[in-house]
Each structure stands twice: as C-alpha cells, then as structure tokens.
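Numbering (our numbering), first residue to last: 203 to 386.
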Amino acid sequence: RNLNSLDRQMVPRASIWAVNRVAQKAVSVATRKVARETVAGDNQVRGLPLKLVRQRVRLFKAGTDGKRSARIRINRGNLPAIKLGAAQVRMSKRRGKLLYRGSVLKIGPYLFRDAFIQQLANGRWHVMRRVNGKNRYPIDVVKIPLSGPLTQAFESATQSLIDEEIPKQLGYALKQQLRLYLSR
203 RNLNSLDRQM
213 VPRASIWAVN
223 RVAQKAVSVA
233 TRKVARETVA
243 GDNQVRGLPL
253 KLVRQRVRLF
263 KAGTDGKRSA
273 RIRINRGNLP
283 AIKLGAAQVR
293 MSKRRGKLLY
303 RGSVLKIGPY
313 LFRDAFIQQL
323 ANGRWHVMRR
333 VNGKNRYPID
343 VVKIPLSGPL
353 TQAFESATQS
363 LIDEEIPKQL
373 GYALKQQLRL
383 YLSR
C-alpha cells in the first residue's frame, strides 16, 4: 500500500506506547534496585520490602490527549521504621554487640536498640528513639533515609533506559501499529 494512505495517528500512538513502556521499566528497575540495596536497622540488614519502595513512586503515563511525555513522581522523604511491619519490644538477655543490656525493638529482621513505640499528638504511632544534641525534645522518630538512593537509582535508570530501550520499543510499537492498521 501507499505510505501516504496510512493513518496519521500511527506514529504518535506508537511513540506514546514506547514512552510508557520505557517509563514503566524505569520505575521497576529503580525501585527494585533501591529495595535490594538499602540498609536498615542497627543490625545493618540489607534490603527493604519492595512494596514499601514502590508505593512511594507514581507514574503519570503519556496519552494521546496532547501530553506526549510520561512523568514519574517520587516521594523521596525518609521512611518511618513503623512501616516495616509489626514491632515487638524485647528485653535483651543475650550477650553480643547489638543485644547487650536494655531493650531492643524488633521489626521483622530489623533491630533498633533503645527504641520504643509511642503515639504522637497527631494520633499516629511511631518508633521513637532518644537523640543526643536535641535540647527541647530529645526524642526523634526512627527513619530510614531514602532520598539519596532513590534519586541516584532513578537518574541512572532513566538515562540508561532512554539510551538503550527507546529505539527498540519504538520499533516494536511501530510494527504493532502497522500490523493493526493492515489487519483492518
């Protein structure tokens, strides 16, 4: 057939498909990397539940209604330790580097020394810990810093995927659009 007779929406539709695919893959790659490599707790356990990292990322897909770019919004705030699961406070009877005297708060595989659970004024429950150097309120919420790892992972993932995946996905999408058009 003549190329001029093809639908003029074919190429834009294919590019939108490709952009959305690559954006979804970038989210997947970056969240997995952050979840696998983040270190949490006083016992330095490597890895977080993937669900906790994934729910901090939102993908706004590209559409045919004018916006031809996908947007990824990331909550880069620190992750409160209470989100890691059900917490139990234990008095330590064992000897060892982490478990000597005092109480240990255990949330799944993560240990937090001298931490306790408390309900705040806003009604939320949090894992708290005494902090040196804060004069007026010497306790603070126990948090896992995610800002650096999330930023770094997303910047590297998006750049590498844009370079490698966009041409490949664009080719697949154009083939698919052509197949759909010719089968009509």
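The beta-carbon is built from N, C-alpha and C at its ideal position, and this holds for glycine as well.
Let me know the secondary structure DSSP gives residue i once reduced to three states.
{"i": "Arg-331", "result": "strand"}
{"i": "Pro-282", "result": "strand"}
{"i": "Ala-289", "result": "strand"}
{"i": "Ser-247", "result": "Sequence inspection shows Val at residue 247; the Ser mentioned does not correspond to that position. Three-state DSSP puts Val-247 in a strand."}
{"i": "Ala-272", "result": "coil"}
{"i": "Lys-343", "result": "According to the sequence as given, residue 343 is Val; it is not Lys. Here Val-343 sits in strand by DSSP."}
{"i": "Leu-352", "result": "helix"}
{"i": "Gln-321", "result": "strand"}
{"i": "Ala-242", "result": "strand"}
{"i": "Lys-308", "result": "strand"}
{"i": "Asp-267", "result": "coil"}
{"i": "Asp-365", "result": "helix"}
{"i": "Lys-370", "result": "helix"}
{"i": "Lys-227", "result": "helix"}
Quick one: using the 10 Å Cβ neighbour count with 16 as the cut-off for buried, is residue i buried or exposed?
{"i": "Gly-243", "result": "buried"}
{"i": "Tyr-312", "result": "buried"}
{"i": "Ala-288", "result": "exposed"}
{"i": "Phe-262", "result": "exposed"}
{"i": "Arg-223", "result": "buried"}
{"i": "Leu-384", "result": "exposed"}
{"i": "Leu-363", "result": "buried"}
{"i": "Gln-379", "result": "buried"}
{"i": "Val-333", "result": "exposed"}
{"i": "Thr-233", "result": "buried"}
Look at residue i and residue j and say whether their C-beta atoms are less than 8 Å apart.
{"i": "Val-241", "j": "Val-247", "result": "yes"}
{"i": "Leu-322", "j": "Phe-314", "result": "no"}
{"i": "Arg-292", "j": "Ser-271", "result": "no"}
{"i": "Ala-375", "j": "Val-236", "result": "no"}
{"i": "Val-231", "j": "Ile-274", "result": "no"}
{"i": "Pro-347", "j": "Asn-277", "result": "no"}
Taking the alpha helix (DSSP H) that residue i falls in, what are its first and last residues?
{"i": "Val-255", "result": "252-256"}
Could you give the first and the last residue of the continuous beta strand (DSSP E) run that contains residue i?
{"i": "Arg-315", "result": "312-315"}
{"i": "Arg-260", "result": "259-262"}
request  = Count the CB pairs spanning the stretch 347-363 and the stretch 208-219 that are closer than 8 Å, and state whether there are at least three.
outcome  = no
request  = May I ask you to verify whether the stretch 272-292 touches the stretch 311-331, counting CB pairs closer than 8 Å and requiring at least 3?
outcome  = yes
query = Is the number of C-beta pairs between the stretch 249-264 and the stretch 366-375 that are closer than 8 Å three or more?
reply = no
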